[in-house]
Amino acid sequence: MADYTALSQDFQTVLSSTMHKVLGTGAFADNIFEADPLLSWLKSGQRIKVIDGGERIRVPILYEKSSAGGYYSGYDLLDTTAQEGHTTAFFTWKQLAYSVSVSGLELRVNAGSKEKINDIQEAKITQAAMTMSDTAATGVYSDGTGSGNLQITGLGAMNETVPGTTVGSYANIPTTNTAWQNQVSATVGAIGTNLMSKLRALMNNCSKGSGGVDTSPDAIFTTQAVHEGLEALLFPMVRYAPNPGGGADAGIETLKFKGADIMWDAFCPTGELHALNSAHIGMFIHKDANFAMADGGFQRPTNQDAFLTQILAQLNLVTNNRRKNGKLSGLT
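In structure tokens form, the structure reads like this:
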């Protein structure tokens, strides 16, 4: 009779090594981040930082200019007043986990071929990646209160509809501090008549302060309906060159406004538009839970004929300057 304990150990080794191979290549995380426009944008341009620890994510914030300086003449005394004007924003870690399990039956009927076992596991991994992608894509637009305040603290909190009143603090800094408030225009109304002027003002407001237009938003995310409305507004302005292949392309492949790419995201809440500055927004992920398998690999529970493990992520969305990001809401 076959030694089932030895067989279990063999299955456990095969499953864990396959999972390590898939996760170690980065393909799993790539599938998650590239499945959604906002997540894909965060993944590009060094906007994701992998760090090795800390009770919370610490981000230094400069919230006012120095007053210890100015013009002087000859032997005038120079101002040496000690300056404050800087603080630290604290972002709480948010955790995400999905289990991958394979039943004993599934393994035994395919026990003659490790390739078949790998196929079963890879299908399970693909399922987990798709689900984690949807969960993370929803989370980056959330205000962090979902799932009992365990959800990612996303754009719903970062870009308040009514700055200074929606929540008492954001990242442990009071939102009544005007230097720690996002730009916003609420109840915008009809896209056809109000969108262009409101978006122009929003982009200009996000460009104020240090850096000026060089630190204006470089990406805009909105809903399909708003994106199509904006395309309709821009369509009459498009000039067409002769197409060597014949015919004409009646669509606009890439929408831009003041240099910022405009993308629609199925997870963006209805009636919203978010203008984001890549210099002032990012995502932090813990290196030991960077869409990684839980320690110990696949395990066989004492009360189940199965093997299971979890894929873990410890992360959150952060900003170091809310004033450089903005929001339009109430678009119809």
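Each residue of the sequence shown is one higher than the one before, starting from 1091 at the first, in the numbering used here. Heads up, the beta-carbon is just placed ideally off N, CA and C, and yes, glycines get one too.
- Rounded to the nearest whole angstrom, the C-alpha separation of I1215 and V1190 is 7 Å.
- DSSP, reduced to helix, strand and coil, places A1276 outside both helices and strands of the structure shown, so it counts as coil.
- When only Cα atoms are considered, I1138 and Y1165 end up about 50 Å apart.
- Counting only the Cα atoms, E1362 lies some 6 Å from T1312.
- Runs of the beta strand (DSSP E) lying entirely within the region 1187-1261 and spanning at least 3 residues: none are present.
- In the assembly as shown, P1253 is a buried residue. Its beta-carbon has 16 or more other beta-carbons within 10 Å.
- Judged by beta-carbon spacing, K1414 lies beyond the 8 Å limit of T1251, meaning their Cβ atoms are not closer than that value.
- Beta-carbon to beta-carbon, A1247 and G1258 are separated by about 12 Å, too far to satisfy the 8 Å threshold.
- The region 1347-1358 and the region 1387-1394 do not touch, with fewer than 3 CB-CB distances between them shorter than 8 Å.
- If the five residues before and after T1266 are omitted, its C-beta is found closer than 6 Å to the C-beta atoms of G1254, all from its own chain and listed in chain order.
- In the DSSP annotation of this structure, K1298 is not part of any alpha helix (DSSP H), being labelled neither H nor E.
- DSSP, read as helix, strand or coil, puts W1354 in strand.
- If you draw a 10 Å sphere on the C-beta of T1283, you find fewer than 16 other C-beta atoms in it, and that means exposed.
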